[in-house]
Amino acid sequence: MSMDRKSQQILTAAQEMSADELEGVVEYHHRLYWEHHAPEIDDPAFDQLVERLKEIRPTSPILQNLGPRIAAQSSTIVHVTPMLSLDKCYGEEAFMKWAQKMPPGFMLTPKIDGLALSLRYDAAGFLQSAATRGNGLKGEDVTANALMIDDIPRQLKTNMGCEIRGEVYMTLSRFNQVYADDFSNPRNLAAGALKQKDARETKVYGLSFFAYDFIGNLLASESEKHERLIKLGFKRPPTFFAESAEQIFDHVLEQSAKRHEWDYETDGLVIRIQDTKTQQELGETAHHPRYAIAYKFQGESATTVLNDVEWSVARTGAVTPVACIEPVNLSGAMLSRASLHHAGMVTSMDLSIGAKVQVARRGGVIPHIEHVVEPGAYQVVLPEACPSCQTTLRLSGDFLYCDNGTQCLAQRAGVMEHFLKVMEIDGFGPKHITQLIEHDILNELSDIYRLSLAQLTGLERMGAKLATKLLDAIESKRAVPTRTFLAALGVREVGVTMAKTLTTFEPNFMDLRQLAAEDLLQIHGVGESIADAFVSGMLKRRSEIDELLRFIELVDTPTEDVTGQFTGLSFLFTGKLSQLSRKEAQKMVQDAGGETPGSVTKTLTYLVVGDEGSPLLGDGQKSSKHKKAEALNEKEANIKIITETEFMRLLA
Ligand code: IVH
11 MSMDRKSQQI LTAAQEMSAD ELEGVVEYHH RLYWEHHAPE IDDPAFDQLV
61 ERLKEIRPTS PILQNLGPRI AAQSSTIVHV TPMLSLDKCY GEEAFMKWAQ
111 KMPPGFMLTP KIDGLALSLR YDAAGFLQSA ATRGNGLKGE DVTANALMID
161 DIPRQLKTNM GCEIRGEVYM TLSRFNQVYA DDFSNPRNLA AGALKQKDAR
211 ETKVYGLSFF AYDFIGNLLA SESEKHERLI KLGFKRPPTF FAESAEQIFD
261 HVLEQSAKRH EWDYETDGLV IRIQDTKTQQ ELGETAHHPR YAIAYKFQGE
311 SATTVLNDVE WSVARTGAVT PVACIEPVNL SGAMLSRASL HHAGMVTSMD
361 LSIGAKVQVA RRGGVIPHIE HVVEPGAYQV VLPEACPSCQ TTLRLSGDFL
411 YCDNGTQCLA QRAGVMEHFL KVMEIDGFGP KHITQLIEHD ILNELSDIYR
461 LSLAQLTGLE RMGAKLATKL LDAIESKRAV PTRTFLAALG VREVGVTMAK
511 TLTTFEPNFM DLRQLAAEDL LQIHGVGESI ADAFVSGMLK RRSEIDELLR
561 FIELVDTPTE DVTGQFTGLS FLFTGKLSQL SRKEAQKMVQ DAGGETPGSV
611 TKTLTYLVVG DEGSPLLGDG QKSSKHKKAE ALNEKEANIK IITETEFMRL
661 LA
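Going by this note's numbering, the sequence shown opens with residue 11, and the numbers climb by one from there.
Pasting the structure below:
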């Protein structure tokens, strides 16, 4: 059957279809087009099917998911230069043995605990492929995922073919803020995040990347390589330089003591000879280069005594244990408190007061109780009542909860603190907040806007000057972006990132708060528990929110997020596109905020050459637009001439 007839038939049939059937048909033709590159109907017919679906089921998730879908390829990539590992050593003696064999001139960088990644860029400076280390000779292709990491440029600042190596990791601040309760360490989480089948999932994790090696033309030293990396648009780990082995070791000690200030996990330092010629002369074994070594920090843990367990009430109502320990020195800091995560840990470790316990700083700044070395005399029992309001606690899984909500003073203080922090109303300390609550001045969030100078100056240690400053801070934040307001409410599961996701989907707060769970579920990244938490939060706190809105003006999200990724850029297509129609490509550019001029001018940003019979890929003929762009580039223009595939990557 001809494409025309088939298109006509389907369009006629679509008029009678139920929403479910139509979803199936749209999905089917979408796949034929994008995945099999074998459409059965023409583009206008497909567009009409989509329009019909919009009419009869405007909330269909399929409508949110049109266009190319990037799935991580499970194919492998051969490393042109093998990715070796590093030889390692522990302690001063072993280190000196290595260093004394080396000529002077070293560079030191933290050894970041993440995953090694090789990025290859083509001559035009576009990311061509990204691969994990794998077995060192070949790794997994994670190109689509790598494009979801903000620190990895899709295009280098300077056009040049090269390979960049570095480490993908998750910052400790992100890990501790979002994932620490559910995942054992940032490295494993980063590995899982990088290998997501649907590359868009990778973005949600907010991974980071540090570049530590440049493989291209030979540069004279490691410091030149690092300068180059920065010029190309990469972040690199902090570096230190040392001449002699003794000097290095001083650095090692200094950095080892500072490691907990870094926002990533490290298990040591990488020490390399500076001069690349000397590196080549020293060569490598089958496994590791001779010119570099990893100095591993000693595992940091200590044994001490558990003196007490305190219970603290979070704004969410979770009541969590904190271990009070006999002060102990761990990597230069005296510690007297350690985290116990949740009530379940007290039970599973069978904790007792007076027990000898092992504390360690495993992935983070906050030390944990690792295990009990020797039991103590008195069993730690879970509290039955909330330490703040005496309400009977509820145990759910590993967590204890106080269900008294903001009637519980500790929770109320937590909610207030969170609100002020997210709204960036600075100057209120936890003590002020507690006092205001105890004086019955702050009962609900909107009371913040009713505070008077007299009320504030009535508090202990609060003069007119500070009180005026606080009132000014409140006044200055009367108009806030919707997403900030939403995040400040502290609805369970709706933090800053989720508030952004939700307000991007529906910028109008009045409309957003009305959405039902099924509407929310079509948003990428919103699952059932988030949707339910949002809906019930909006419902439960309706009057509180209405009251707040009498004082606060919600403004639109700042423009940077409304405009698309192509804002300020222009794209012109030439030749035959193999993956999509020209019209479609233009629409995608426009949807992403870009422009699609009709002819080549010196202000054009990109000329996209279709892959079919492309002169960029084989020996096809250059179109007149292509030649014109090249001619303009010879003079003053800087039009980037890219392939269709590169364009698709830019879009991704
Ligand atoms: S230099 C021959 N620098 O450690 C490899 N590596 O066991 C030269 N790593 O696979 C690597 N941080 O993934 C270097 N600042 C850093 C690093 C680093 C982490 C990892 C890297 C490599 C492994 C070596």
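The beta-carbon is built from N, C-alpha and C at its ideal position, and this holds for glycine as well.
In its own chain, which residues sit with a C-beta less than 8 Å from the C-beta of residue 425, not counting the 5 before and 5 after it?
-> Locating residue 425 in the sequence shown gives position 415, counting from the first residue. Hits under 8 Å: 325, 416, 455 and 500.
Could you pull the start and end residues of the alpha helix (DSSP H) that residue 529 belongs to?
-> For the purposes of this step, residue 529 is identified with residue 519 of the sequence shown, where counting begins at 1. From DSSP, the alpha helix (DSSP H) with residue 529 extends over 527-530.
Give a single yes or no on whether residue 451 has its beta carbon closer than 6 Å to a heavy atom of the ligand IVH.
-> Start at 1 with the first residue of the sequence shown, and residue 451 comes out as number 441. No, since every heavy atom of the ligand IVH falls outside the 6 Å radius drawn around the Cβ of residue 451.
Under the DSSP definition of a beta bridge, which residues are partnered with residue 122?
-> In the sequence shown, residue 122 corresponds to position 112, counting from 1. Residue 122 pairs with 276.
Are residue 386 and residue 353 close, meaning C-beta to C-beta below 7 Å?
-> Mapped onto the sequence shown, residue 386 falls at position 376. Mapped onto the sequence shown, residue 353 falls at position 343. Contact: no.
Local conformation of residue 533 per DSSP, three classes = Position 523 of the sequence shown, counted from the first residue, corresponds to residue 533. Reduced to three states, the DSSP call for residue 533 is coil.
Element boundaries [beta strand (DSSP E), containing residue 491] | Taking the sequence shown and counting its residues from 1, one reaches residue 491 at position 481. Residue 491 -> beta strand (DSSP E) spans 489-491.
Three-state class that DSSP yields for residue 317 in the structure shown = For the purposes of this step, residue 317 is identified with residue 307 of the sequence shown, where counting begins at 1. Note: residue 317 maps to strand in three-state DSSP.
Closest Cα partner of residue 131 within the set 626, 170, 205 and 245 = Residue mapping note: residue 131 aligns to position 121 of the sequence shown, counting from 1. Checking every option, the nearest Cα to that of residue 131 belongs to 170.
Could you check if residue 601 is buried or exposed, using at least 16 other CB atoms within 10 Å of its CB as the buried criterion?
-> As a first step, residue 601 is located in the sequence shown; it is residue number 591 there, counting from the start. By the 10 Å Cβ count, residue 601 comes out exposed.
Buried or exposed by the 16-neighbour rule on C-beta atoms within 10 Å, applied to residue 331 = As a working note, residue 331 is residue 321 in the sequence shown. Buried, since its Cβ has 16 or more Cβ neighbours within 10 Å.
Quick one: is residue 616 buried, meaning 16 or more other Cβ sit within 10 Å of its Cβ, or exposed?
-> Within the sequence shown, the letter at position 606 stands for residue 616. With 16 or more other Cβ atoms within 10 Å, it is buried.
Contact test: residue 126 Cβ vs the ligand IVH heavy atom, cutoff 6 Å = Counting from 1 along the sequence shown, the entry for residue 126 is found at position 116. For the ligand IVH, at least one heavy atom lies less than 6 Å from the Cβ of residue 126.
With DSSP as the reference, label residue 171 as helix, strand or coil.
-> Mapped onto the sequence shown, residue 171 falls at position 161. Three-state DSSP puts residue 171 in coil, outside helix and strand.
From the DSSP output, which residues share a beta bridge with residue 301?
-> To locate residue 301, count along the sequence shown from 1; it is residue 291. In the DSSP assignment, residue 301 forms no beta bridge with any residue.
Straight-line CA distance for residue 381 to residue 371?
-> Translated into the one-based positions of the sequence shown, residue 381 becomes position 371. Translated into the one-based positions of the sequence shown, residue 371 becomes position 361. Each residue's alpha carbon lies about 13 Å from the other.
Rounded to the nearest angstrom, how far is the Cβ of residue 274 from that of residue 122, given a contact under 8 Å?
-> Within the sequence shown, the letter at position 264 stands for residue 274. Within the sequence shown, the letter at position 112 stands for residue 122. That belief holds up - the Cβ atoms of residue 274 and residue 122 are roughly 5 Å apart, short of 8 Å.
Residue 653 beta carbon less than 7 Å from that of residue 619 = In the sequence shown, counting from the first residue as 1, residue 619 sits at position 609. In the sequence shown, counting from the first residue as 1, residue 653 sits at position 643. Their beta carbons are under 7 Å apart, which means residue 619 touches residue 653 by this criterion.
Those runs of the alpha helix (DSSP H) which lie wholly inside the stretch 166-229 and span at least 4 residues | 196-204 and 209-215
Are the beta-carbon atoms of residue 252 and residue 116 separated by less than 7 Å?
-> Your numbering for residue 252 matches position 242 in the sequence shown. Your numbering for residue 116 matches position 106 in the sequence shown. Contact flag set, yes.
Do residue 129 and the ligand IVH come close, with the Cβ less than 6 Å from some heavy atom?
-> In the sequence shown, residue 129 corresponds to position 119, counting from 1. False, no ligand heavy atom lies under 6 Å from that Cβ.
Considering residue 378, what are the terminal residues of the beta strand (DSSP E) in which it resides?
-> Within the sequence shown, numbered from 1, the residue matching residue 378 stands at position 368. Looking at the DSSP string, the run of the beta strand (DSSP E) that includes residue 378 is 378-384.
Sequence-distant residues of the same chain with beta carbon closer than 8 Å to residue 357, five excluded per side = Here residue 357 is taken as the residue at index 347 of the sequence shown, counted from 1. Setting aside the 5 residues that flank it on each side, residue 357 is surrounded in the same chain by 392, each with a C-beta closer than 8 Å to its C-beta; the list follows chain order.
Quick one: grab the DSSP three-state call for residue 458.
-> Position 448 of the sequence shown, counting from 1, holds the residue named residue 458. In this structure, residue 458 counts as helix in the three-state DSSP scheme.
Closest by CA to residue 494, which one among 280, 430, 552 and 586?
-> Residue 494 sits at position 484 when you count from the first residue of the sequence shown. Closest by alpha carbon: 430.
Just grab the DSSP bridge partners of residue 411 for me.
-> Position 401 of the sequence shown, counting from 1, holds the residue named residue 411. The partner list for residue 411 (beta bridge, DSSP) reads 328 and 404.
Residue 317 to residue 334 span [Cα, whole Å] = Looking up residue 317 in the sequence shown gives position 307. Looking up residue 334 in the sequence shown gives position 324. For residue 317 and residue 334, the distance between alpha carbons rounds to 6 Å.
Please name the residue, chosen from 182, 211 and 246, that lies closest to residue 118 on a Cα-to-Cα basis.
-> Looking up residue 118 in the sequence shown gives position 108. Checking every option, the nearest Cα to that of residue 118 belongs to 246.
Taking just the CA atoms, how far does residue 154 sit from residue 80?
-> Indexing the sequence shown from 1 puts residue 80 at position 70. Indexing the sequence shown from 1 puts residue 154 at position 144. Bear in mind that a pLDDT of 43 at residue 80, under 50, signals an unreliable position, so the model cannot answer this.
Closest to residue 423 by CA distance: which of 442, 304 and 559 is it?
-> The count along the sequence shown starts at 1 and reaches residue 423 at position 413. Ranking 442, 304 and 559 by CA distance to the CA of residue 423 puts 442 first.
Confirm the yes/no value for this check: CB of residue 225, any heavy atom of the ligand IVH, distance under 6 Å.
-> Numbered from its first residue, the sequence shown carries residue 225 at position 215. Answer for residue 225: no, Cβ out of range of the ligand IVH.
Which of helix, strand or coil DSSP assigns to residue 362 | For the purposes of this step, residue 362 is taken as residue 352 along the sequence shown, with counting starting at 1. Correct three-state label for residue 362: strand.
Given residue 5 as reference, the closest of 462, 484 and 291 once Cα atoms are compared = Shown here, the chain extends from 11 to 662; a query on residue 5 therefore has no answer.
Which residues mark the beginning and the end of the beta strand (DSSP E) in which residue 150 is found?
-> Position 140 of the sequence shown holds residue 150. Start and end: 148-150.
Enclosing alpha helix (DSSP H) for residue 72 [first to last residue] | Residue numbering aside, residue 72 sits at position 62 when the sequence shown is read from its first letter. First-last for residue 72: undefined, no H or E at that position.
As assigned by DSSP and simplified to three states, the class of residue 632 | Here residue 632 is taken as the residue at index 622 of the sequence shown, counted from 1. Coil, per DSSP.
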